[in-house]
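By our numbering, the letter at position 58 of the sequence shown is numbered 425, and the numbering carries on one by one without gaps.
Glycine is no exception: its CB is placed at the ideal position from the N, C-alpha and C atoms.
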Amino acid sequence: MTLEEGLELIKNYKKVLQKFLDTLPEQAVQIGSEMIKTLTMSSKNEIANLEAIEKALKHTPNMNQAYPSDSN
């Protein structure tokens, strides 16, 4: 998987999590407010983790540049 593919995967997963968060309030009657709070916190933490991974990937130097291969 390329860096670009990984970043696209993260972007898409974040979109899905955000859509899930947006629809959670509609589910309050079925699953209860305490579960809504738990799912909301968990989803927001997951988004924050994805953003941290995304940031790290964007700032990671190309491995070929960082560790040039020995061509002896």
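Best match in the options for proximity to residue i [C-alpha to C-alpha]
| i | options | result |
| --- | --- | --- |
| K411 | Q397, A423 and K382 | K382 |
| P392 | I403, K386 and L384 | I403 |
| D389 | L417, L406, K425 and H426 | L406 |
| K386 | T427, H426, I414 and K425 | I414 |
| L384 | E372, I398, N416 and V396 | N416 |
DSSP state of residue i mapped onto helix, strand, coil
| i | result |
| --- | --- |
| K373 | According to the sequence provided, residue 373 is Gly. The question's Lys does not apply to it. Three-state result, G373: helix. |
| L427 | It is worth fixing the name first, because residue 427 is Thr in this sequence and not Leu. Of the three classes helix, strand and coil, the one that applies to T427 here is coil, per DSSP. |
Practice item. Count the CB pairs spanning the segment 369 to 383 and the segment 415 to 428 that are closer than 8 Å, and state whether there are at least three. Key: As far as the Cβ criterion goes, the segment 369 to 383 touches the segment 415 to 428, which means the pair count is three or higher.
Review point. In the segment 372 to 409, which residue ranges form an unbroken beta strand (DSSP E) of at least 3 residues, counting only runs that do not cross its ends?
Key: Inside the segment 372 to 409, DSSP marks no whole beta strand (DSSP E) run of 3 or more residues.
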